[in-house]
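Chains A and B, in that order, give the protein sequences.
Sequence positions in the first sequence follow the working numbering and run 1 to 375.
Sequence positions in the second sequence follow the working numbering and run 1001 to 1375.
Contents: one structure, followed by commentary.
There are 2 protein chains.
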Amino acid sequence: MSEQRIDNRLWSAKARNLSPYVPGEQPQHDNLCKLNTNENPFPPSPKVGEAITHMLAQQADNLRLYPDPESDELRTALAEYYDLERDQVFVGNGSDEVLALVFASFFMKERPVLAPDISYSFYPVYAQTFGVELVQIALESDFSIDPDAYRQPCSGIIIANPNAPTGLLLSLADISKLASEHTNAVIVIDEAYIDFAEDEDVSAISLINEFDNLLVTQTFSKSRSLAGLRVGMAFGNLSLIEALTRMKNSFNSYPLDKLAQAGAKASVLDSDYFKQTCQRVIGLRQSLTASLSVLGYEVLPSHANFVFARPPLGNAQEIASQLREQGIIVRHFDKARINEYVRITVGTPDQHKRLIDALTVLHDKIDQNQDALSS
Amino acid sequence: MSEQRIDNRLWSAKARNLSPYVPGEQPQHDNLCKLNTNENPFPPSPKVGEAITHMLAQQADNLRLYPDPESDELRTALAEYYDLERDQVFVGNGSDEVLALVFASFFMKERPVLAPDISYSFYPVYAQTFGVELVQIALESDFSIDPDAYRQPCSGIIIANPNAPTGLLLSLADISKLASEHTNAVIVIDEAYIDFAEDEDVSAISLINEFDNLLVTQTFSKSRSLAGLRVGMAFGNLSLIEALTRMKNSFNSYPLDKLAQAGAKASVLDSDYFKQTCQRVIGLRQSLTASLSVLGYEVLPSHANFVFARPPLGNAQEIASQLREQGIIVRHFDKARINEYVRITVGTPDQHKRLIDALTVLHDKIDQNQDALSS
């Protein structure tokens, strides 16, 4: 669309001033090695497709009726899986919608919200959308998060854990510290990637009965291989969940369609498949990390389904661009402090082989050029 | 959930002050005659289920990937059906989400938005959610809308056409008048029920190339029998569509899941089924209107898939409550001017028989009581 043809005369000031989020590209070419948007390399549980197909086959006219606006069956399944009450669980149209409702419900206040300077790039967009001041707290030099750096008045703190694009994990002790030091702020831990952590029992869901100001968000898009179904969730004290529910019912009462509710519920019930898939991704991350290390890459210790890696010469943009010419898409962020890194989604063994083969040839060529220049 | 347990200490002022929309109830009992939420009595096109099942069967891992954030294929199908350009079409997670984005994109201004005093009850909720002043313009005594009553400064006008719960239709001439008299306001015509109008060619979509300030919203939930799939759309000048797209990408980039996109597209392509279903509903509305008239009901001339009818004694609340005891659910609004009416969704012939049989017995009993009292 030509920007010249756009006339913003009738737009609200808010519409004029937005800088919308730009999702990672979704090119539709064949034979692409797509390692740029952190999708799961494995399909969802077969039970998901079965549940949806069954719903369509058994009740052909089911779709003519409105879905349950509160997604009670799905929330019950999640509550049972995580050993919570159903009114401690909220679900939405992807965790992006859940996070938008979080900003409106808890952060629209005089005090700012705090977030790491390097993190999910939708956070500053939400802040702008909801007129919230976002104060970015610098990561430490090793990209870790220091809870002490967050000691300032705020309406809330939002931290992706593991953080993106670094993949680094904040400990439950540090999260407890944040929650107990900011009792008048809502601490949001965005656990989009938590199921890929090296160790078990690192989710802050275990802390929500202890801290009434702690909200944990998760998504079906990564560890449950359901990015195409758009389901996200939040876990917290029932008063936080009630605020989100009221806000939802003031925006859009029925955010989850019937098929998404049925598919997501089937995914939760198939916990064996879920755990196996997570373990396979963790194993592949370890082998990808090892292969990149052999090529001289500095790889941050990742707890997500991606690795954040610095090529030997720090020429990340060049590497990403050269890979792209061969149909291998990785993500490079043209941003201070992280522009020498590439973020690579954990893929299948075949995709890893293709990537590492391409990088091996690429680095040989770069080394030869370097040698030629210095000789 | 017990309200006593809710602690709103951490909520934003916005969250505290909301009066969320209350959707029509969705009771899950068997043998219910559910005529309260204007769902289509007929199932969606069989092509919808086929398209979704095909997507699941052919590409088992399809759901692991993100959907197209801009729903290009669906928007292309809609553009072709309505003879528009794709960039004149916007789609969202139900028309409720589309309307929320409309309020944020066009109505968040110093000037108020105007709407009929009797209309879709979500409009005042959106106004509150987005901090917009909503001025309600009284319907005429016959429940019609007079465009001259809207002659006052405003940022926009939103009118459901056909209006709900009256079912009355505003003419294209009147809509043109509104659009031409308010060139600095966005005129939103919410056509949730337009496909059930008695005459063809009454949609304001035909006017969007003439008026750059006219936006038309529609939904798949009524005439396309897909309330369970959550798809709504807007048609307008590309500058209006661009504002909605920017706002969407600042809330939630991927509102439509892959299955909803595929199912909705299949529905649009099966235009024969769509037109036949609408004609059947129109025929059933005519027979329901005739049956109610025989019982002495005053029935407004409806262009929607519901009728708004006043029982002979105006005892609408009593009628609704008595029907409910027999498992027949209709909608009564406890609101000035319309509390003597019931809104009855057009159902199947079997549902109509059950309703009319029940009403016949009910009115015989009421007549006998009246006779007994007066004798």
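In this text, a Cβ means the ideal position worked out from N, Cα and C, and glycines have one as well.
Chain B has no Cβ within less than 9 Å of the Cβ of E210 of chain A. Between the beta-carbon of A15 of chain A and that of S1239 of chain B there is about 10 Å, and that puts the pair past the 8 Å contact cut.
Every alpha helix (DSSP H) stretch that sits fully inside the segment 1001-1075 of chain B and reaches 4 residues is listed by chain position as 1013-1017 and 1046-1058. Looking from the CA of V1361 of chain B, the closest CA among B:A1262, B:V1299, B:Q1322 and B:D1272 belongs to B:Q1322. Q136 of chain A is bridged by DSSP to A:A115.
Rounded to the nearest angstrom, the Cβ distance from S119 of chain A to A164 of chain A is 7 Å, consistent with a contact under 8 Å.
Under the three-pair Cβ rule at 8 Å, the segment 275-292 of chain A does not count as touching the segment 140-151 of chain A. The beta-carbon of T1245 of chain B is placed less than 9 Å from the nearest beta-carbon of chain A. Not one beta carbon of chain A lies nearer than 9 Å to the beta carbon of K1047 of chain B. Under a criterion of Cβ atoms nearer than 9 Å, the residues of chain B adjacent to P67 of chain A are, in order, Q1026, A1227, G1228, L1229 and R1230. Identification of chain A residues near K1275 of chain B by a Cβ-Cβ cut-off of 9 Å yields none; the smallest Cβ-Cβ distance measures about 17 Å.
With distances taken between CA atoms, E1110 of chain B lies nearest to B:E1133 out of B:L1101, B:Q1088, B:N1093 and B:E1133. Beta-bridge pairing by DSSP links E298 of chain A to A:R310. Unbroken beta strand (DSSP E) stretches of 3 residues or longer found wholly inside the segment 129-208 of chain A: 134-137, 156-160 and 186-190, given in chain order.
Within the segment 1312-1372 of chain B, complete alpha helix (DSSP H) segments of at least 4 residues are found at 1316-1325, given in chain order. S95 of chain A and A1262 of chain B have their alpha carbons spaced roughly 22 Å apart.
If you draw a 10 Å sphere on the C-beta of K275 of chain A, you find fewer than 16 other C-beta atoms in it, and that means exposed. In the same chain as S1019 of chain B, and ignoring 5 residues on each side of it, the C-beta atoms closer than 7 Å to its own belong to V1125 and Q1128, in chain order. Contact note: M108 of chain A reaches chain B through S1012, A1013, K1014 and A1015, using a C-beta cutoff of 9 Å and chain order. At a cut-off of 9 Å between beta-carbon atoms, D96 of chain A makes contact with chain B. Cβ-Cβ distances below 7 Å link L1256 of chain B to P1067, S1071, V1091, N1093 and V1231 in the same chain, with the five nearest sequence neighbours on each side left out; the list follows chain order. Y1254, P1255, L1256, D1257, K1258, L1259, A1260 and G1263: these are the residues of the segment 1254-1275 of chain B whose beta carbon lies less than 8 Å from some beta carbon of chain A, given in chain order. Pairing A304 of chain A with K222 of chain A gives a Cβ-Cβ distance under 9 Å.
Take E39 of chain A, set aside five residues on each side of it, and the residues of its chain with a beta-carbon closer than 6 Å to its own are A227, in chain order. By the C-beta density criterion, R337 of chain A is exposed, having fewer than 16 other C-beta atoms within 10 angstroms.
The secondary-structure analysis by DSSP pairs A1234 of chain B across a beta bridge with B:F1090 and B:T1217. Judged by DSSP secondary structure, G1263 of chain B falls within the alpha helix (DSSP H) whose first and last residues are K1258 to L1269. Only exposed fits Q370 of chain A, as fewer than 16 other CB atoms lie within 10 angstroms of its CB. Between E80 of chain A and A266 of chain A, the CB-CB gap reaches or exceeds 9 Å.
Between T1345 of chain B and L1035 of chain B, the beta carbon gap of about 4 Å places them in contact (Cβ cut-off 8 Å).
By the neighbour-count criterion, in which 16 or more other beta carbons inside 10 Å mark a residue as buried, P147 of chain A falls on the buried side. Interface flag for Q128 of chain A against chain B is set, since a Cβ pair is found closer than 9 Å. Put simply, the segment 196-214 of chain A touches the segment 167-185 of chain A. At least three CB pairs are less than 8 Å apart.
Y21 of chain A reaches chain B at N1249, S1250 and S1253, counting residues in chain order whose Cβ is nearer than 8 Å. In its chain, beyond the 5 residues on either side, I52 have a beta carbon closer than 6 Å to the beta carbon of L259 of chain A. Here DSSP, grouped into helix, strand and coil, assigns M108 of chain A to coil.
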